[in-house]
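Right, one structure below, let's go through it.
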Amino acid sequence: MSGPVSGTRHCAAGEQVTHKDGDRLLASLALRAWRPLAVVAVGTAVASAATLTMPALLAAAVDGVLAGEGVLTAAARLALILALFTLADLARNIAGASSNARATSTLRLRLTGHILRLGVGEARRFPIGELANRLVSNTANAGNVPLTLLDTAAGLITAAGGVTALFLIDWRTGLAFLAGLPVALIVIFVFVTRMSGLFDDYQEAQGRLAARLTDTLAGIRTVRASGTADREIARVLAPLPELSAAGHALWRAQARGVWRIGLVLPLIEVAVLAVAGLGVVDGRLAPGQLLAVAGYATLGLSFIEQVEAVVSVAQARSAARRVCQVLALPTQVPGTHPAPEGPGALSLRGVTVTRDGARLLDELDLEIPAGLLTAVVGRSGAGKTTLAMVAGRLLDPDRGQVSLDGRPLDEIAPDSLRDVVAYAFERPALLGGDLASAIAYGRPGIDRVAVREAAASARVDDVIGRLPQGYDTPAAGAPLSGGELQRLGLARALVRRARLTVLDDATSSLDTATEAQVTRALVDGMRGRTRLVVAHRATTAAHADLVVWLESGRVRAQGTHQDLWNDPAYRALFATGDVSRKEEPCPVLR
Numbered sequence: 001m002s003g004p005v006s007g008t009r010h011c012a013a014g015e016q017v018t019h020k021d022g023d024r025l026l027a028s029l030a031l032r033a034w035r036p037l038a039v040v041a042v043g044t045a046v047a048s049a050a051t052l053t054m055p056a057l058l059a060a061a062v063d064g065v066l067a068g069e070g071v072l073t074a075a076a077r078l079a080l081i082l083a084l085f086t087l088a089d090l091a092r093n094i095a096g097a098s099s100n101a102r103a104t105s106t107l108r109l110r111l112t113g114h115i116l117r118l119g120v121g122e123a124r125r126f127p128i129g130e131l132a133n134r135l136v137s138n139t140a141n142a143g144n145v146p147l148t149l150l151d152t153a154a155g156l157i158t159a160a161g162g163v164t165a166l167f168l169i170d171w172r173t174g175l176a177f178l179a180g181l182p183v184a185l186i187v188i189f190v191f192v193t194r195m196s197g198l199f200d201d202y203q204e205a206q207g208r209l210a211a212r213l214t215d216t217l218a219g220i221r222t223v224r225a226s227g228t229a230d231r232e233i234a235r236v237l238a239p240l241p242e243l244s245a246a247g248h249a250l251w252r253a254q255a256r257g258v259w260r261i262g263l264v265l266p267l268i269e270v271a272v273l274a275v276a277g278l279g280v281v282d283g284r285l286a287p288g289q290l291l292a293v294a295g296y297a298t299l300g301l302s303f304i305e306q307v308e309a310v311v312s313v314a315q316a317r318s319a320a321r322r323v324c325q326v327l328a329l330p331t332q333v334p335g336t337h338p339a340p341e342g343p344g345a346l347s348l349r350g351v352t353v354t355r356d357g358a359r360l361l362d363e364l365d366l367e368i369p370a371g372l373l374t375a376v377v378g379r380s381g382a383g384k385t386t387l388a389m390v391a392g393r394l395l396d397p398d399r400g401q402v403s404l405d406g407r408p409l410d411e412i413a414p415d416s417l418r419d420v421v422a423y424a425f426e427r428p429a430l431l432g433g434d435l436a437s438a439i440a441y442g443r444p445g446i447d448r449v450a451v452r453e454a455a456a457s458a459r460v461d462d463v464i465g466r467l468p469q470g471y472d473t474p475a476a477g478a479p480l481s482g483g484e485l486q487r488l489g490l491a492r493a494l495v496r497r498a499r500l501t502v503l504d505d506a507t508s509s510l511d512t513a514t515e516a517q518v519t520r521a522l523v524d525g526m527r528g529r530t531r532l533v534v535a536h537r538a539t540t541a542a543h544a545d546l547v548v549w550l551e552s553g554r555v556r557a558q559g560t561h562q563d564l565w566n567d568p569a570y571r572a573l574f575a576t577g578d579v580s581r582k583e584e585p586c587p588v589l590r
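According to the UniProt record's numbering, the stretch in the sequence shown is residues 1 to 590, in order.
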């Protein structure tokens, strides 16, 4: 039996994903982008030092002007510090952009790779629109965090330096500053805590809306044909009130926090300047020192400017948790052994697949003989598509074992397994660029002659030949009918000349004449190779060497089509159309 593992060591499994898991993910991003972050740290340190020096130099310049001495020297020092600050800030900005780009691209590549390694069932845990939202928006938010945290730390250090300078100039000004600090910290803490929870609500509603929009766009022809545009608009926008409520809650929380912070800060600054002014009157401080106190008080209060950064971090933590929820989905453990030599005998022992509490396959025992054409039939929900998925390890069973020529599929290395197992689906997606590449997808080194031979066997070569660009026609814009598209998917399976070929209703859209030609190719052109066909037509079952009749995830009967035809229940499958072309519990891969 195959054993799934957690997708990443930074994310807990399933529903246990928390903000702490997201924090570990963010920490790993910082480690991956440490080089540009190191440049940012150095540049920020130099810029902060220059910033802290400026008020003191400005004070010295003022005192020098009043005393009539040292004006040129003070001006030269100020110019030098300004130049140093400009260069350091430039280096910090360039390295910061590199850090953000590297962290975001690293996270997107990691998330994309993880999604592509998921089994069929796990890949559908989240709607496509939801995954797109997490892949594009949430990764960008999370990728900015390392730089934001570094900037925040530098800002806090600069603020601490400003407060320290106040104490060095006059301890009374330092105490005046600290007197109002607890109130400001309480206001900030309440503000950030409130915002963190609201960001979670907002991003969840945003993800639901994106998922519904993607689903509707994918079925736009059905919507237009059914005249249900207004109904779909209402369905897509159903999460909008939740999104609006969360957005308004964010705005209200931000407004309350901003005016409270805006009230506290001027009071602290006025108190510090009042104490410094009294010091000038009493003769404790020189006029230039009053100017320095004003500058350092402003720097001391600059920690308030980091509130926006802290809010961004709170938003990014929510985004990182959402990314972690996908990364926590278990992936298949890749095998390490090559596929064994053999004719293509497939064996299933005690195979059980459960989804959402329903058993799609129930302790299934089945032997698929090597070299034969085996048709799988059954009512809707009988487990036909699920059987097709586990046959080539697109889906791992929860229990039991699937073996090819005596070796469990979960022990075979993925590349080796794909070399010996090929698939064709009811609704194939044409990937790879042009039509030739779409047929050769997965076998990029194969020559054009083999591609044309496979297309001819699938009875689609003449269709491609009628296109102006022939096999060089871009796959995305090729004017193909459903049956022609299905034949291209079949050609993609045939060109692999695999030991085991699995066809999940891959001829359902073909007309009777074309189906007969394609079936002849399956029977005669692939003779000697194992073929497992999910069949929905009596003609397909009639051409099979063996028919496996599934019911409720188990084998009800097996034999030739002629032998099974004596059973009225078997005949009823085809007579009433109960052999469905779609099994909802385990969606067909494209």
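All C-beta atoms, glycine included, are put in the ideal place defined by N, C-alpha and C.
Problem - Those residues which DSSP pairs with W549 across a bridge - result: Paired residue(s): V377 and A557.
Handout entry: Residue from R355, I188, I157 and A391 with nearest C-alpha to Y296
Key = When C-alpha distances from Y296 are compared across R355, I188, I157 and A391, the shortest belongs to I157.
Handout entry: Endpoints, beta strand (DSSP E) assigned at T148
Key = Element bounds for T148: not the beta strand (DSSP E) but the alpha helix (DSSP H), V145 to I169.
Problem - Terminal residues of the alpha helix (DSSP H) in which I446 lies - result: Where I446 is concerned, there is no enclosing alpha helix (DSSP H), because DSSP gives it neither an H nor an E.
Problem - Proximity of residue 592 and E130 at Cβ, strictly below 8 Å - result: Any question about residue 592 goes unanswered here, given that the chain covers just 1 to 590.
Problem - Beta-bridge pairing of I115 - partner residues as DSSP gives them - result: None; I115 has no bridge partner.
Handout entry: L348 beta carbon less than 8 Å from that of G400
Key = Taking 8 Å as the Cβ cut-off, G400 and L348 qualify as a contacting pair.
Practice task
Please name the residue, chosen from T374, R393 and L417, that lies closest to P338 on a Cα-to-Cα basis.
Solution key: Distance check between P338 and each of T374, R393 and L417 places L417 closest, using alpha-carbon atoms only.
Handout entry: Proximity to R134 [Cα-Cα], best of L327, V518 and A491
Key = If we check each option's Cα against that of R134, L327 comes out closest.
Problem - V264 vs G162 beta-carbon contact at 8 Å - result: G162 sits away from V264, with the two beta carbons spaced by 8 Å or more.
Exercise for the section: Mind checking who A422 pairs with in its DSSP beta bridge? Expected result: Paired residue(s): T501.
Practice task
Return the bridge partner residues of P474 from the DSSP annotation.
Solution key: Partner(s): D434.
Problem - Cα-Cα separation between A76 and G43, rounded to whole angstroms - result: The straight-line gap from Cα to Cα measures roughly 22 Å.
Exercise for the section: Go ahead and pull the three-state DSSP assignment for V533. Expected result: Correct three-state label for V533: strand.
Handout entry: Collapsed DSSP secondary structure at S403 in the structure displayed
Key = In the structure shown, S403 sits in a strand (DSSP, three-state: E or B).
Handout entry: the segment 23-40 touching the segment 102-111, judged by at least three CB pairs closer than 8 Å
Key = Short answer: they touch.
Practice task
Express the C-alpha separation of D410 and R520 in angstroms, rounding to a whole number.
Solution key: If you take the alpha carbons of R520 and D410, they lie about 33 Å apart.
Practice task
Go ahead and label N93 buried or exposed: buried means 16 or more other beta carbons lie within 10 angstroms of its beta carbon, across all protein chains shown.
Solution key: Under this definition N93 is an exposed residue.
Problem - Residues sharing a beta bridge with A286, DSSP - result: Per DSSP, none; premise fails for A286.
Exercise for the section: To the nearest angstrom, report how far apart A234 and A246 are at their CA atoms. Expected result: Rounded to whole angstroms, A234 to A246 spans 19 Å at the Cα level.
Exercise for the section: Check whether the segment 187-194 touches the segment 279-298, taking contact to mean three or more Cβ pairs, one atom from each stretch, closer than 8 Å. Expected result: Touching, no.
Practice task
Throw me the rounded Cβ distance for the P428 and R492 pair, which I believe falls under 8 Å.
Solution key: Between R492 and P428 the Cβ distance is about 7 Å, and since that is below 8 Å, they are a contact.
Exercise for the section: Can you give me the Cβ contacts of G7 inside the same chain, cut-off strictly under 7 Å, excluding the 5 residues immediately before and after it? Expected result: In this predicted model, G7 has a pLDDT of only 41, less than 50, meaning its place in the structure is not dependable; the value taken from the coordinates is given anyway. Excluding the 5 residues flanking it on each side, G7 has same chain C-beta neighbours closer than 7 Å at H114, L327, A328, L329, P330 and T331, in chain order.
Exercise for the section: Assign V311 to one of two classes, buried (16 or more other C-beta atoms within 10 Å of its C-beta) or exposed (fewer than that). Expected result: Residue burial annotation: V311 is buried, with at least 16 other C-beta atoms found within 10 angstroms of its C-beta.
Exercise for the section: Can you say whether S99 is buried or exposed, counting buried as having 16 or more other CB atoms within 10 angstroms of its CB? Expected result: Buried, because 16 or more other Cβ atoms sit within 10 Å of the Cβ of S99.
Exercise for the section: Assign G350 to one of three DSSP states: helix, strand, or coil. Expected result: Correct three-state label for G350: strand.
Practice task
For L494, I'd like the list of residues in its chain whose CB is within less than 7 Å of its CB, leaving aside the five on either flank, ordered along the chain.
Solution key: Cβ neighbours of L494 beyond the five flanking positions: A454, S457 and A458.
Problem - Any 3 or more C-beta pairs closer than 8 Å across the segment 318-327 and the segment 198-208 - result: Two segments are said to touch when three or more pairs of C-beta atoms, one from each, lie closer than 8 Å; by this definition the segment 318-327 touches the segment 198-208.
Problem - Within 8 Å, strictly: CB atoms of A422 and T501 - result: Taking C-beta atoms as the reference points, A422 and T501 count as a pair closer than 8 Å.
Problem - Segment limits, alpha helix (DSSP H) that includes D462 - result: First-last of the alpha helix (DSSP H) with D462: D461 to G465.
Problem - Status (buried if at least 16 other CB within 10 Å, exposed otherwise) for G257 - result: Buried, since its Cβ has 16 or more Cβ neighbours within 10 Å.
Handout entry: Residue from L360, G528 and N138 with nearest C-alpha to G378
Key = Among L360, G528 and N138, the Cα nearest to that of G378 is on L360.
Practice task
From the DSSP output, in three-state form, read off R322 for me.
Solution key: The three-state reading of DSSP puts R322 in helix, counting H, G and I together.
Handout entry: Straight-line gap, I169 to L25 (C-alpha atoms, nearest Å)
Key = Approximately 44 Å between the Cα atoms of the pair.
Problem - Beta carbon of L372 nearer than 8 Å to that of V351 - result: By the CB criterion at 8 Å, L372 and V351 fall outside the cutoff.
Exercise for the section: In the DSSP assignment, find the unbroken beta strand (DSSP E) run with L366 in it and report its ends. Expected result: For L366, the uninterrupted beta strand (DSSP E) segment begins and ends at A358 to I368.
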